[in-house]
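Have a look at the structure below before the remarks.
Chains as they are written, first to last, in the numbering used here: chain A, 1 to 277; chain B, 1001 to 1388.
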């Protein structure tokens, strides 16, 4: 029995080996190298890159965190509303339309939002026509515009995941709650969301990671200062050939994401432990 | 039956012409050459060489096939080319893969430092027609003999004459104007495109009063003593300014009337105008004491396998007729060689457009190079430190 299991293990290992190799070469090795380079200053190990990163980009780190958090909150709100609605009502039009941004590349989104949200852009023109108010601020060059652009392009992912989880919850739970006198709003808060919590967390973590690592959208939308960390990283490499500080900024982003993942993992463990299957 | 006959006759004729073509064209030089070209620039520049210059060149030299590879715009594109050359040098190969490259000034400067280039312009006729001196110095590095400019690009201030009746002619007047019209001057900072960097360099030229030292050297930190106040002043100035999102963002904002003035790349401005994407009323000016522009350079790597054909290609694209047709008419750049040599071959329409607002005299007086690499990097970092 033991040998059979070992053989099986080996076979399983061989099956995942290609994937592992790709992960090792394209992810783990560059990660280790990035961390190493971030401590390399003029050929010697030290903390200078981090000192410089914090001296020059402290504001940008906070700003990046803020934008990312705001995006996650908006995406959460939007996806809750749409996923809940589609859980109860089968509106085909909305079901197709919410997926639309999924098929549009970030680059195009950035450019479209830059035109749409500009001071004299399409959105403000429509608002001016409707309300008669002519002096409107240009959201395209503000943090709010950047957050909206992110929320627009990232919400469909979250909705897709969360709606899937909502639909997987058996109707009997919902019907039981409704029969006992609950309304739909309470069903969402007390039944659907708690049961779909792991999926919601996955959706939000994915939103967080995709926002914090996006380069093209903050290059085209949002204020030119402060700016998101990937823009700073690109700037360090392109104009100073300074991989040290660029990697230090990268490692700082990693740490932020890892911090979040730790929280998520701990949450998952307690969740599983708490359920006691 | 007759159809088959006709077909056969046509087929054989084509075959014969083909065979004759091949035998005649390659009779004297039976060597196949693959000319590898690397271009630091936008895709339109890569397409230009691959689809327009390559066919012309291959017609002249049928045994040559031109292979163009693009490495992307900006200094990053040049960096990729130089890194490739460094690797070839380290590998110790007798012949290198790249035969000809187009790099920014900074790329030429980097390449000189590592001794990666071949001295070739002694054999180049077009070198006699260069008038602006950019073929001799690149960001303070002596490149004489190693580079031939492809074109000159220039930044300038675009303004809408509907709102700006008496445009400011210098940075000093501009500051006054901006304080009187808050939010109506826009530029893109330093991280979202080089027109903003260029505006910043002009600011530094004006405030420091040391254009010569900044552009010709020597590089010494002692000249940067008062930079803190220069860039703190720029921070104050920025309070009255709209920040746009990139080179294109400035042009868009001008078109939509959100801003009345802003720094732009001249070639991009006129290309947009020709394509009908730009309000035709908008004009350009070069403010005193000047704003930077830059050439891009043809270089031949030190151990290029096909340096002979590389030289012929550079000669081909540097003639006054070719410069007029492509560099000026098509891309709205300023020519690499003297304007007077190119002018007779440029279409009247282009001539009126390109030299309408900014005269060749303006260009000579206020068209400046970018600061030396050392000053350039310090300038960007000073902006990050004191202005942002």
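Using N, Cα and C, we set each Cβ at its ideal position, and we do this for glycine too.
Computed from a predicted model, the values in this text were never measured in an experiment.
Residue range 143–168 is occupied by the alpha helix (DSSP H) that includes residue 153 (chain A). For residue 1246 (chain B), the secondary structure class from DSSP, reduced to helix, strand or coil, is helix. Close to residue 1192 (chain B), with beta-carbon spacing below 7 angstroms, are these residues of chain A in chain order: 219 and 224. Shown here for residue 1315 (chain B): same chain residues with a beta carbon closer than 8 angstroms to its own, the five before and five after excluded, namely 1124, 1125 and 1126 in chain order. In the DSSP assignment, residue 1152 (chain B) falls within the beta strand (DSSP E) that extends over 1148–1159. If you draw a straight line from the Cα of residue 229 (chain A) to the Cα of residue 241 (chain A), it is about 16 angstroms long.
In the DSSP assignment, residue 191 (chain A) forms no beta bridge with any residue. Taking C-beta separations shorter than 6 angstroms and ignoring five residues to either side along the sequence, the partners of residue 1279 (chain B) in its chain run 1255, following chain order.
A distance of 8 angstroms or more separates the beta carbons of residue 1380 (chain B) and residue 1219 (chain B). At a cut-off of 8 angstroms between beta carbons, residue 120 (chain A) contacts chain B. For residue 1108 (chain B), the closest of B:1096, B:1077, B:1128 and B:1353 by C-alpha to C-alpha distance is B:1077.
Residue-level contact check: residue 1258 (chain B) touches chain A, since one or more beta carbons of chain A fall below 8 angstroms from its beta carbon. Contact with chain B is found for residue 235 (chain A), since one of that chain's Cβ atoms lies less than 8 angstroms from the residue's Cβ.
For the set A:102, A:168 and A:222, the Cα lying nearest the Cα of residue 138 (chain A) is the one of A:222. The CB of residue 138 (chain A) comes closer than 7 angstroms to the CB of 1258 in chain B, given here in chain order. In this chain, the alpha helix (DSSP H) harbouring residue 1085 (chain B) covers 1074–1091. Contact between residue 203 (chain A) and residue 161 (chain A) holds: their C-beta atoms lie close to 4 angstroms from each other, under 8 angstroms. For residue 1271 (chain B), the CB contacts under 6 angstroms within the same chain, skipping 5 residues up- and downstream, are 1332 in chain order. Within the same chain, Cβ atoms closer than 8 angstroms to the Cβ of residue 1253 (chain B) are found at 1186, 1242, 1244, 1259 and 1262, the five residues on either side in sequence being excluded. Between the stretch 1212–1226 of chain B and the stretch 1180–1195 of chain B, the count of Cβ pairs shorter than 8 angstroms is below three; the stretches do not touch. For residue 1297 (chain B), the enclosing beta strand (DSSP E) begins and ends at 1291–1299. The DSSP-derived three-state label of residue 1283 (chain B) is strand. Contact annotation: the stretch 33–45 of chain A touches the stretch 246–257 of chain A, with at least three C-beta pairs closer than 8 angstroms. For residue 1169 (chain B), there is no enclosing beta strand (DSSP E), as DSSP marks it with neither H nor E. Its chain contains 64, 68, 253, 256 and 257 as the residues whose beta carbon lies nearer than 7 angstroms to that of residue 212 (chain A), once the 5 sequence neighbours on both sides are disregarded; these appear in chain order. Residue state for residue 1185 (chain B) is assigned as strand, using DSSP reduced to three classes. According to DSSP, residue pairing for residue 78 (chain A) in a beta bridge does not occur. Using a CB distance below 8 angstroms, the part of the stretch 1244–1257 of chain B facing chain A consists of 1244, 1245, 1246, 1249, 1252, 1253, 1256 and 1257, ordered along the chain. Residue 1133 (chain B) and residue 1334 (chain B) have their C-alpha atoms roughly 14 angstroms apart.
Taken atom to atom, the span from the alpha-carbon of residue 194 (chain A) to that of residue 72 (chain A) is near 18 angstroms.
The alpha-carbon separation between residue 1092 (chain B) and residue 1082 (chain B) amounts to approximately 16 angstroms.
Here the alpha carbon of residue 1048 (chain B) sits roughly 11 angstroms from the alpha carbon of residue 1041 (chain B). The straight-line gap separating the alpha-carbon atoms of residue 129 (chain A) and residue 52 (chain A) is approximately 49 angstroms. Look at residue 1188 (chain B): its C-beta is under 8 angstroms from a C-beta on chain A. Rounded to whole angstroms, residue 55 (chain A) and residue 1365 (chain B) show a C-alpha spacing of 39 angstroms. Residue 1065 (chain B): member of the beta strand (DSSP E) spanning 1064–1070, first to last residue.
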